[in-house]
Amino acid sequence: MTMRTERKELDWHLGDIEQRCGFKGGKYTDVNLWFAFLVTALLTGAFFIGICHVPSAIRNHPAMAIILARGWTPYAMVSLFVLAIVMLFVKWRKLSFQRRAFKVELIPVGASFALTQETALDVLKTLNNSVDEPKRFVLFNRIERALLNLKNVGNVSDVSEMLRASAENDENHVDSSYGLLSGLVWVIPILGFIGTVMGLSGAIGGFGAVLNAEATAASLRESLIPVTGSLSVAFDTTFLALVLAMVVQMAMTFLRRKEDQFLDACRDYAHGNIISRLRFMKNE
Numbered sequence: 005m006t007m008r009t010e011r012k013e014l015d016w017h018l019g020d021i022e023q024r025c026g027f028k029g030g031k032y033t034d035v036n037l038w039f040a041f042l043v044t045a046l047l048t049g050a051f052f053i054g055i056c057h058v059p060s061a062i063r064n065h066p067a068m069a070i071i072l073a074r075g076w077t078p079y080a081m082v083s084l085f086v087l088a089i090v091m092l093f094v095k096w097r098k099l100s101f102q103r104r105a106f107k108v109e110l111i112p113v114g115a116s117f118a119l120t121q122e123t124a125l126d127v128l129k130t131l132n133n134s135v136d137e138p139k140r141f142v143l144f145n146r147i148e149r150a151l152l153n154l155k156n157v158g159n160v161s162d163v164s165e166m167l168r169a170s171a172e173n174d175e176n177h178v179d180s181s182y183g184l185l186s187g188l189v190w191v192i193p194i195l196g197f198i199g200t201v202m203g204l205s206g207a208i209g210g211f212g213a214v215l216n217a218e219a220t221a222a223s224l225r226e227s228l229i230p231v232t233g234s235l236s237v238a239f240d241t242t243f244l245a246l247v248l249a250m251v252v253q254m255a256m257t258f259l260r261r262k263e264d265q266f267l268d269a270c271r272d273y274a275h276g277n278i279i280s281r282l283r284f285m286k287n288e
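Per our numbering, the very first residue in the sequence shown carries number 5; after that it's consecutive.
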């Protein structure tokens with residue numbers, strides 16, 4: 005294994021949150037699921053253990069009862085909610101790190117600079133001297149592929165098509181990276197409905213037992229009080245699930261918008277600094 009002794013302007017091994025924690029960093033803004041599962045297990049365990057040590061007045065609050073006294077489904081919903089938030093947080097940190105690529109000065113700012121096969125080698129040298137593993141960055145991966153293939157293309161439209169194809173691949177990759185998160189937004193409400201159905205089943209069973217019992221009107225009314233109370237409690241899991249799913253969906257929508265803006269900025273950068281500065285020795 006080679007030792008990296010030179011600290012570069014943008015170091016992927018030191019800047020990627022998963023790499024710093026000893027896990028293999030996911031591609032671009034992808035999340036290493038093993039890392040996300042581990043962090044989720046630690047946070048969820050700490051949350052429920054912490055509840056056991058809070059004052060009983062807080063632990064017995066109606067809001068806490070929705071989580072602690074509604075069967076197993078709230079525990080599962082909270083765990084999946086934490087997993088979604090952890091994944092979104094990691095993606096946000098990785099996206100922030102990817103955006104730092106725009107601060108690296110690769111292309112001379114002077115209007116007289118032209119990008120040719122010769123000057124492209126200088127740009128690539130600057131890139132490799134300034135950035136650790138350029139292929140780990142959305143922007144630098146596009147630039148590197150375009151510059152390395154300059155000698156194999158004949159005109160500006162060829163490079164433009166190459167960058168366009170790279171942009172489409174990156175957009176598809178971003179779409180697929182939200183697959184599990186979209187699944188969690190779907191699963192959390194389903195768990196809430198399951199908890200509600202289980203609660204309704206118990207309440208209806210209790211209602212049937214009351215009707216079958218021989219009792220006076222007064223005793224029947226008293227017997228129905230806990231049954232109707234169970235009906236209201238049964239919907240608590242659905243309420244909790246919808247709130248958790250809404251929070252995840254809003255956070256996911258916000259982050260997805262940020263990623264789309266980042267991809268648009270990469271496309272604009274490639275057009276303004278690569279396509280518009282290309283000069284070929286032969287006629288197009």
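For glycine and all other residues, C-beta sits at the position ideal for the given N, C-alpha and C.
Where L18 falls, given that 16 or more other Cβ within 10 Å makes a residue buried: Here residue 18 refers to the residue found at position 14 of the sequence shown. It counts as exposed.
Nonlocal neighbours in the same chain, by C-beta distance under 6 angstroms from T77, ignoring five residues either side: Locating residue 77 in the sequence shown gives position 73, where the first residue counts as 1. Counting only Cβ-Cβ distances below 6 angstroms, and skipping sequence neighbours, we find L195, I198, G199, T241.
Residues sharing a beta bridge with L119, DSSP: As a first step, residue 119 is located in the sequence shown; it is residue number 115 there, counting from the start. L282, per the DSSP bridge assignment.
Taking its Cβ as the centre, do 16 or more other Cβ atoms sit within 10 Å of S280, making it buried, or is it exposed? Numbered from 1 along the sequence shown, position 276 holds the residue referred to as residue 280. Looking at its Cβ environment, which holds fewer than 16 other Cβ atoms inside 10 Å, S280 is exposed.
Leaving aside the five residues before and after K28 along the sequence, list all residues of the same chain whose C-beta is less than 8 angstroms from its C-beta, in chain order. The residue you call residue 28 lines up with position 24 of the sequence shown. Excluding residues within five positions, the ones whose Cβ falls inside 8 angstroms are E22, N36.
Check T6 in the structure and name its three-state DSSP category. Looking up residue 6 in the sequence shown gives position 2. At T6 the pLDDT is 45, less than 50, meaning the model places this residue with poor confidence and gives no usable figure here.
Tell me L14's beta-bridge partners as DSSP assigns them. For the purposes of this step, residue 14 is taken as the residue at position 10 of the sequence shown. L14 is bridged to V135.
Please report the distance separating the alpha-carbon of S180 from that of V94. Mapped onto the sequence shown, residue 180 falls at position 176. Mapped onto the sequence shown, residue 94 falls at position 90. Cα-Cα distance, rounded: 16 angstroms.
For V252 and L46, what's the separation of their Cα atoms in angstroms? Position 248 of the sequence shown, counted from the start, is the residue given in the question as residue 252. Position 42 of the sequence shown, counted from the start, is the residue given in the question as residue 46. Straight-line Cα distance between these residues: approximately 19 angstroms.
Contact between the region 147 to 165 and the region 110 to 130: three or more CB pairs below 8 angstroms? yes
For M256 and V58, I'd like the C-alpha separation in whole angstroms. As a first step, residue 256 is located in the sequence shown; it is residue number 252 there, counting from the start. As a first step, residue 58 is located in the sequence shown; it is residue number 54 there, counting from the start. Answer to the nearest angstrom: the Cα atoms are 31 angstroms apart.
Closest to A293 by CA distance: which of N176, F117, V82 is it? The requested residue 293 does not occur in the structure, where the chain is confined to residues 5 to 288.
Hey, V178 and E263 are a contact pair by Cβ (cut 8 angstroms); roughly how many whole angstroms apart? Indexing the sequence shown from 1 puts residue 178 at position 174. Indexing the sequence shown from 1 puts residue 263 at position 259. Right, the Cβ-Cβ distance comes to about 5 angstroms (below 8 angstroms), so this counts as a contact.
Rounded separation between P112 and T123 - CA only: Looking up residue 112 in the sequence shown gives position 108. Looking up residue 123 in the sequence shown gives position 119. Answer to the nearest angstrom: the Cα atoms are 10 angstroms apart.
Would you tell me roughly how many angstroms separate the C-alpha atoms of L151 and M166, rounded to the nearest one? What you label residue 151 is simply residue 147 of the sequence shown in a count that begins at 1. What you label residue 166 is simply residue 162 of the sequence shown in a count that begins at 1. Computed Cα separation, rounded: 11 angstroms.
Would you identify the three-state DSSP class for L184, choosing helix, strand or coil? Numbered from 1 along the sequence shown, position 180 holds the residue referred to as residue 184. Here L184 sits in helix by DSSP.
Alpha carbon to alpha carbon, how far is M202 from S100? Give it in angstroms, no decimals. The residue labelled residue 100 in the question sits at position 96 within the sequence shown. The residue labelled residue 202 in the question sits at position 198 within the sequence shown. Between S100 and M202, the C-alpha separation is close to 43 angstroms.
Unbroken alpha helix (DSSP H) run spanning E148, endpoints: By 1-based counting over the sequence shown, the position of residue 148 is 144. Residues 142 to 152.
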